[in-house]
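**Student:** Sequence order for the protein chains is A and B. This note's numbering numbers the first residue of the first sequence as 133 and each following residue consecutively. This note's numbering numbers the first residue of the second sequence as 133 and each following residue consecutively. Beta carbons are placed, not taken as given, at the ideal position from N, Cα and C, and that holds for glycine. All of these numbers come straight from a predicted model, not from anything done at the bench.
There are 2 protein chains.
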Amino acid sequence: MSEELKQKILSNVKYDLQEIEQALTENLKPYLDLVSEIAHHILFSGGKRLRPLLMVLAAKLCGYNGNNAPKYATIFEYLHAATLLHDDLVDDAAMRRGKPVANSVWDNSTAVLVGDFLLARSLSIASETGRTRIIKVIAEITENMSQGEIQQLMRKGALDLGEEEYMQVIRRKTAVLFQGACRMSAILCDMPQTKEKALADYGLNLGLAFQMADDLLDYTVDSAVLGKLVGADLREGKLTLPVICTLGRAGNKDRRQMIEIIKNKDFSVDQFENLIEMLHKYGGIGYTKQCAREHIQRAKQALSVFEDSAPKEILVDIADYALARKM
Amino acid sequence: MSEELKQKILSNVKYDLQEIEQALTENLKPYLDLVSEIAHHILFSGGKRLRPLLMVLAAKLCGYNGNNAPKYATIFEYLHAATLLHDDLVDDAAMRRGKPVANSVWDNSTAVLVGDFLLARSLSIASETGRTRIIKVIAEITENMSQGEIQQLMRKGALDLGEEEYMQVIRRKTAVLFQGACRMSAILCDMPQTKEKALADYGLNLGLAFQMADDLLDYTVDSAVLGKLVGADLREGKLTLPVICTLGRAGNKDRRQMIEIIKNKDFSVDQFENLIEMLHKYGGIGYTKQCAREHIQRAKQALSVFEDSAPKEILVDIADYALARKM
């Protein structure tokens, strides 16, 4: 079912994705070789182009008739890539999408500077729109993303992290970018306030659900499929909703055992499987799925102010797929 | 003489500096405690506020009569602080202005993320101007600065680095920010093209001279005054104009000796003094001073399209002081 939906989406956006790929390369051409090379390493390692695709589809939904959608869409992939470059340093991750992270192939410094460059590139492109409201959106995305990451870093390993704070972190570090990609198109097309808000709501809720689904993967997919070490979030002290929910519900004994595993970052596979059992036993997995489902529902609901159309259907499909995806 | 000029400038800009300090604090208040704390560490450690000051003075020169100059001026201090945070990581420096660098007090990750945050903050403030040309200038500054740093990193220790490439690097990593600070005011005040260009030229040439003077300090001031290890640039493989010029002029034997010192990053104080002797002998120091002097001349010359006024006099004094300063 999920594979079928994926194929349907991919065949519907094939041409858009080609245009996005082309624009991603085009925008980097005039720059220093090393910059392009590293930017390529992170940009062309199998990313799904979800963020730029959202922008392009939202633009179609708003009746955009210019030629610049793919170019403007790259803003969101560059912003995404920039944060990946900086986050891999932050997370001290060794692998991303099955490839060594940039800061182990090159060095920390280069990864940081190329991240800065991609950030700057995305702003330059945003400034080409000539619209200050769009630039405000991009600036706010960047502010939120860095704050979200800092907040996550500050609260690393904090056992008292609650659902509310978790939601704030994933909103900032993930959902605001999805929201911005959709909102930008509405601004670009001078949509009325209601439609701009509708697209922003779609993006925000999709982004929240997407991150929840991503956080679930750490506890539901084995490392070979995931392309990184099992239990990576937990090893980094990153408490996500399945764990937060379970910690809140578990009995004293189970809770103590969970905390022991969480605090010991070198936990064994057995210990990790034990923990996963508890996430099921106390419904942490189920609760997270339910939350994600509700946000997807809200995302789709938000689109109801738009008449039915091909791009609207794809946006709905993407929302459904965000829940169903295995990766 | 230089101390006298400094005091004259400081007494003339006392009120402006107070307003800038206030705005720098004000703009960070609403944000996460840790962000503000780290931002404070880098922002309030004795910086000269030269960049925001240039913006404020240029605005006065252009007859700006709004209330936002100090706020807009913070853009340039935040951008500067953001690059310091990322550069300290890049340079692996231990001390900056006599204090431990942020990434040794906190960690690399935090320093990177707070740098990102300050970058984003400066863009948000720029977007408040509602002028896309200003945002274009800011985006281009950021692009140039990251490219300049990457270029410097790529060419670390390269003995074939020529004067032209050196000029390109210092233009990008330093002078473009000075230029942007001055240009922004001209755009803000809807100055005619000639005056905008004049202010941009003033900033660019001042920035180039400023960096040359800064690069000279490594070979003319002892480490106690400088607040960092003697020969720091060379230890990092950073070849600057005094060395580049001397390498081009030195006889074979001296050149070989210089290269030996440059390649051995753990050179002794004696070796370093030996190198400094050659910088004097072949005129590398003198040539760099001469270049800096010429750029200061051009900077002052650029201002001639403006009638005489108090802010113009201060801008001229700042140009003179950039040459004369000991620090």
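#1: Is it right to say A/L217 is buried, meaning 16 or more other beta carbons lie within 10 angstroms of its own, or is it exposed?
#2: Kindly indicate if chain B contains any beta-carbon less than 8 angstroms away from that of A/N384.
#3: Name the chain A residues that come within less than 7 angstroms of B/L221, Cβ to Cβ?
#4: Comparing the C-beta of B/V167 with each C-beta of chain A, is any distance below 8 angstroms?
#5: Please classify B/R181: does DSSP put it in a helix, a strand, or coil?
#6: Can you find at least 3 beta carbon pairs, one from the segment 408 to 427 of chain A and one from the segment 336 to 355 of chain A, that sit closer than 8 angstroms?
#7: Please go through the same chain and pick out, in chain order, the residues whose beta-carbon is closer than 6 angstroms to the beta-carbon of B/I152, but skip the five residues on each side of it.
#8: Chain B beta carbons: is any one of them nearer than 8 angstroms to that of A/D248?
#9: Could you work out which residue in A/D449, A/A424, A/H212 is closest to A/A345 when comparing CA atoms only?
#10: Which chain B residues sit within Cβ distance under 7 angstroms of A/E275?
#11: Could you tell me which chain B residues have their CB closer than 7 angstroms to the CB of A/G262, listed as they occur along the chain?
#12: How about B/E275 and A/A252: are their beta carbons less than 8 angstroms apart?
#13: Quick test of the definition: if touching needs 3 or more C-beta pairs under 8 angstroms, does the segment 264 to 271 of chain B touch the segment 254 to 265 of chain A?
#14: With A/D402 as the anchor, note down where its alpha helix (DSSP H) starts and where it stops.
#15: If A/Y196 sits next to A/C377, beta carbons under 8 angstroms apart, how far is it from one beta carbon to the other, in whole angstroms?
#16: For A/S436, does the count of other Cβ atoms within 10 angstroms reach 16, so buried, or fall short, so exposed?
#17: I'd like to know whether the C-beta of A/I376 is nearer than 8 angstroms to at least one C-beta of chain B.
#18: Between the alpha carbons of B/A290 and B/M410, how many angstroms are there, rounded?
#19: Cβ of B/M459 less than 8 angstroms from any chain A Cβ?
#20: Between the segment 188 to 220 of chain B and chain A, which residues of the former have CB atoms less than 7 angstroms from a CB of the latter, in chain order?
#21: Looking only at its own chain, which residues have a Cβ that is under 6 angstroms from the Cβ of A/G100, when we skip the five neighbours before and after it?
#22: So with Cβ pairs under 8 angstroms, would you call B/K268 a contact of chain A?
#23: Using a threshold of 8 angstroms, state whether the C-beta atoms of A/G339 and A/A318 are closer than that.
#24: Given this structure, state the Cα-to-Cα distance separating B/K138 from B/K444, to the nearest angstrom.
#25: Pick helix, strand or coil for A/P443, following the three-state DSSP scheme.
#26: Please state the DSSP three-state secondary structure of A/K305.
#27: Pull up the distance between the alpha-carbon of B/N239 and that of A/S441, whole angstroms please.
#28: Beta carbon of A/L331, beta carbon of A/A456: below 8 angstroms?
#29: Going by beta-carbon coordinates alone, are A/I282 and A/G312 separated by less than 8 angstroms?
#30: Around the C-beta of B/L142, are 16 or more other C-beta atoms found within 10 angstroms, so that it is buried, or is it exposed?
#31: With DSSP collapsed to three states, give me the class of B/A382.
#32: Could you check whether the Cβ of B/Y298 sits closer than 8 angstroms to any Cβ belonging to chain A?
#33: In three-state terms, what does DSSP make of A/M459?
#34: For the segment 275 to 289 of chain A, which residues have a CB atom closer than 9 angstroms to at least one CB atom of chain B, in sequence order?
#35: Quick check on A/T326: buried or exposed, where buried means 16 or more other Cβ atoms within 10 Å of its Cβ?
#36: If you drop the 5 nearest sequence neighbours on each side, which residues of the same chain put their C-beta closer than 8 angstroms to that of B/Y453?
**Tutor:** With the given structure in hand:
#1: Buried is the call here.
#2: Cβ-Cβ to chain B under 8 angstroms: no for A/N384.
#3: In chain order: N240, S241, V244.
#4: It does; some Cβ of chain A falls within 8 angstroms.
#5: For B/R181, the three-state secondary structure derived from DSSP is coil.
#6: The segment 408 to 427 of chain A makes contact with the segment 336 to 355 of chain A, as at least three CB pairs between them are under 8 angstroms.
#7: So the list reads R181, P184, P202, A205, once near-sequence residues are dropped.
#8: Cβ-Cβ to chain B under 8 angstroms: yes for A/D248.
#9: The shortest CA-to-CA distance from A/A345 to any of A/D449, A/A424, A/H212 is the one to A/A424.
#10: Here the neighbours are F249, A252, R253, S256.
#11: Near A/G262 (Cβ distances below 7 angstroms), the residues of chain B are T264.
#12: With contacts defined by Cβ atoms closer than 8 angstroms, B/E275 and A/A252 form a contacting pair.
#13: Segments in contact, yes.
#14: First-last of the alpha helix (DSSP H) with A/D402: 401 to 413.
#15: Contact flag wrong, Cβ pair sits at about 40 angstroms.
#16: Flag for A/S436 reads exposed.
#17: At a cut-off of 8 angstroms between beta-carbon atoms, A/I376 makes no contact with chain B.
#18: When rounded, the distance between both Cα atoms is 19 angstroms.
#19: Caution is warranted here: a pLDDT of 39 is assigned to B/M459, below 50, making its placement in the model unreliable, and no coordinate value can be reported.
#20: Against chain A - using a Cβ distance shorter than 7 angstroms - the residues of the segment 188 to 220 of chain B are H218.
#21: This structure leaves residue 100 of chain A out entirely; chain A is present only between 133 and 459.
#22: Cβ-Cβ to chain A under 8 angstroms: yes for B/K268.
#23: No, these two residues do not count as a Cβ contact at 8 angstroms.
#24: Cα to Cα, B/K138 sits roughly 16 angstroms from B/K444.
#25: Looking at A/P443 - three-state DSSP - the assignment turns out to be helix.
#26: When secondary structure is reduced to three states using DSSP, A/K305 falls in the helix class.
#27: Reading off the sequence, residue 239 of chain B comes out as Asp, not Asn. Approximately 50 angstroms, taken between the alpha carbons.
#28: Cβ atoms of A/L331 and A/A456: not closer than 8 angstroms.
#29: No, they are not a contact pair.
#30: Under the 10 Å beta carbon count, B/L142 is surrounded by fewer than 16 other beta carbons and is classified as exposed.
#31: Reduced to three states, the DSSP call for B/A382 is coil.
#32: Chain A contact via Cβ: absent.
#33: Confidence is the limiting factor: at A/M459 the pLDDT is only 39, short of 50, which leaves the residue's position unreliable, though a coordinate-based value still follows. Correct three-state label for A/M459: coil.
#34: Correct list: E275, N276, M277, S278, Q279, E281, I282, Q283, L285, M286.
#35: By the 10 Å Cβ count, A/T326 comes out exposed.
#36: Listed in chain order, the non-local C-beta contacts of B/Y453 below 8 angstroms within the same chain comprise S134, L137, K138, I141, local neighbours out to five positions each way being set aside.
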